[in-house]
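Novice: If you number the sequence shown the way our numbering does, the last residue is 400 and the count never jumps.
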Amino acid sequence: MEKALLTGNAWKVGAYDKTAKTITLVPDPAWWGEKPKLDKYIFWAMDSKARTDAYLNKEIDDTPASAPEDYQRLKGDKDTDFRIGARWDQVTLSLNGGRGPLQDVRARQAVTLGVDREALAKVAGKDLPFRPKLVNNHFFMPNQEGYQDNAGSFGKRDVARAKKLLDEAGWKDEGAGKPRTKDGKQLVLEYVMPADAIGLAEDQAKLTQQMLGEIGVKVGLRKVPGDDYFDRYVHRGNYDLTLFRQVDRIYRSSSYQDYRQPDGDNAFNNHGRVSSPEVDKLLVEASRTTDAGKQVALYNEADAKLWELGHSVPLYQRPQILAIRKGLANTGAPGLGDENSVRIGWLK
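1) Whose C-alpha, out of PRO366, GLY384, LYS101 and LEU380, is nearest the C-alpha of VAL167?
2) Report the option in VAL240, LEU165 and TRP84 whose CA atom is closest to the CA atom of VAL271.
3) Answer with buried or exposed for ASP355, where buried requires no fewer than 16 other C-beta atoms within 10 angstroms of its C-beta.
4) Given a threshold of 16 other Cβ atoms within 10 Å of its Cβ, counted over all protein chains shown, does MET53 qualify as buried or as exposed?
5) Below 7 Å between beta carbons: does that hold for ASN195 and ALA253?
6) In the DSSP assignment, the alpha helix (DSSP H) including PRO329 goes from what residue to what residue?
7) Go ahead and label ALA212 buried or exposed: buried means 16 or more other beta carbons lie within 10 angstroms of its beta carbon, across all protein chains shown.
8) So what's GLU391 in DSSP terms, helix, strand or just coil?
9) Thinking C-alpha only, which one of SER393, ARG377, GLY397 and GLY384 is nearest ALA106?
10) Whether or not the region 281-296 and the region 319-332 are in contact is what I'm after, with contact meaning three or more pairs of Cβ atoms, one per stretch, closer than 8 Å; do they touch?
11) Based on DSSP bridge pairs, tell me the residues matched to LEU374.
12) Taking contact to mean at least 3 C-beta pairs separated by less than 8 Å, is the region 213-228 in contact with the region 254-270?
13) Are the beta-carbon atoms of VAL187 and GLN369 separated by less than 7 Å?
14) Please report the straight-line C-alpha distance between LEU334 and ALA159, rounded to a whole angstrom.
15) Quick test of your reading: LEU147 and SER364, contact by CB under 8 Å. State the CB separation rounded to the nearest angstrom.
16) Please state whether DSSP places THR71 in a helix, a strand or coil.
17) How many whole angstroms separate the CB atoms of VAL163 and LEU264, which I take to be in contact at a CB cut-off of 8 Å?
18) Mind checking ASP113: buried by the 16 CB within 10 Å criterion, or exposed?
19) In chain order, what are the residue ranges of uninterrupted alpha helix (DSSP H) at least 4 long that sit wholly in the region 229-301?
20) For PHE320, name the three-state secondary structure that DSSP assigns.
21) By the DSSP assignment, the alpha helix (DSSP H) with ASP156 in it spans what residues?
22) Look at the alpha carbon of LYS92 and the alpha carbon of VAL299, and state the distance between them as a whole number of angstroms.
23) Give every residue of the same chain whose Cβ lies closer than 7 Å to the Cβ of TYR281, excluding the five residues on either side of it in the sequence, and list them in chain order.
24) Who does ALA381 pair with in a DSSP beta bridge?
25) According to DSSP, is GLY177 helix, strand or coil?
26) Quick check for students: name the residue ranges of the alpha helix (DSSP H) that lie wholly in the region 178-205, counting only runs of 4 or more.
27) So for TRP359, helix, strand or coil by DSSP?
28) Mind checking GLN372: buried by the 16 CB within 10 Å criterion, or exposed?
29) Please list, in chain order, all residues of the same chain as THR74 whose beta carbon is under 6 Å from its beta carbon, the five residues on each side excluded.
30) Looking at the structure shown, is GLN124 part of a helix, part of a strand, or coil, going by DSSP?
31) Go through its chain and collect everything with a Cβ distance to ARG135's Cβ below 6 Å, but skip five positions before and after it.
32) With C-beta atoms as the reference, is GLY379 less than 7 Å away from LYS89?
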């Protein structure tokens with residue numbers, strides 16, 4: 053049987069090399085629209101940690117530079133342009149309300165108030181060309197129409213209020229530097245992170261551990277295999293705290309899975325299992341209305357309720373920084389937009 057030729061608009065697969073882990077796209081002569089400027093487009097599967105080396109060795113022509121250690125290595129390369137944008141890319145501290153102490157909304161609110169988001173954003177921006185922006189909304193980025201600050205009283209760190217909430221939840225203050233206790237048990241949360249995480253992730257985990265320790269919450273850091281992190285831990289709710297990115301939620305209805313009420317064992321994409329009938333109703337209504345203004349209002353109303361529920365802590369908008377080989381045009385950092393691959397090409 054003859055294999056079907058794979059095509060996608062202006063491109064078709066010209067070569068597939070399993071050994072080299074590359075797929076080469078070439079222009080499809082049958083394409084009726086705008087013709088590509090490139091003769092070929094090679095995709096190469098490689099470990100993310102290998103990309104900076106591959107770029108500096110001129111094996112590839114673009115690589116992410118958002119991590120401070122990568123940017124510092126790349127900024128001295130004279131053959132490089134840095135292109136910066138503001139993508140829908142939110143770094144989030146997820147709180148698991150499906151198990152342990154964080155099942156109590158007061159404990160989740162205390163954690164929210166115990167975390168200094170400005171400090172975590174400052175660490176993320178260290179050695180980068182600009183400071184990441186705090187995000188006070190679960191559904192909109194600061195550079196997106198409809199964005200408004202719904203964090204309210206949860207927007208800034210408040211150690212005194214965090215301690216009061218833990219008092220109300222029955223967690224006894226045992227003094228400075230000691231974990232709170234309740235019914236003979238210590239207030240301990242497990243912060244799960246991938247073992248192959250970059251230095252920034254570890255710095256932020258330790259800073260979170262320190263900040264929450266100041267309100268009487270002991271945080272234990274647990275490193276797990278990178279390949280298992282999402283499948284065995286995040287997706288299955290095997291954590292109390294964890295930090296991850298949410299990306300490209302430009303179409304807000306795609307976020308419904310992140311905040312809807314779980315159905316038995318099915319948490320959808322709501323890994324922390326925190327929601328309410330009110331939030332669910334607002335999100336369903338927002339996804340159905342054709343009135344753009346009403347839709348924005350509904351999402352912002354749901355967002356305010358998510359802050360009150362302590363669903364998760366939006367931290368900051370991760371900067372989109374790409375190192376691009378000089379002379380490569382019409383590619384880089386599109387922000388909230390999309391690139392048109394047929395217009396990418398080399399300047400003459």
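Glycine residues also receive a C-beta, built at the ideal position from the N, C-alpha and C atoms.
Specialist: To lay it out plainly:
1) PRO366
2) VAL240
3) buried
4) Any reading at MET53 needs caution, since the residue's pLDDT is 49, under 50, leaving its predicted position unreliable; the model's value is listed next. By the 10 Å Cβ count, MET53 comes out exposed.
5) no
6) 329-340
7) exposed
8) coil
9) ARG377
10) yes
11) PRO116 and ARG135
12) yes
13) yes
14) 25 Å
15) 6 Å
16) coil
17) 6 Å
18) buried
19) 251-265
20) coil
21) Note, ASP156: premise wrong, no alpha helix (DSSP H); not H, not E.
22) 28 Å
23) PRO246
24) GLY397
25) helix
26) none
27) helix
28) buried
29) ILE94 and TRP96
30) helix
31) LEU374, ILE376, GLY384 and ALA385
32) no
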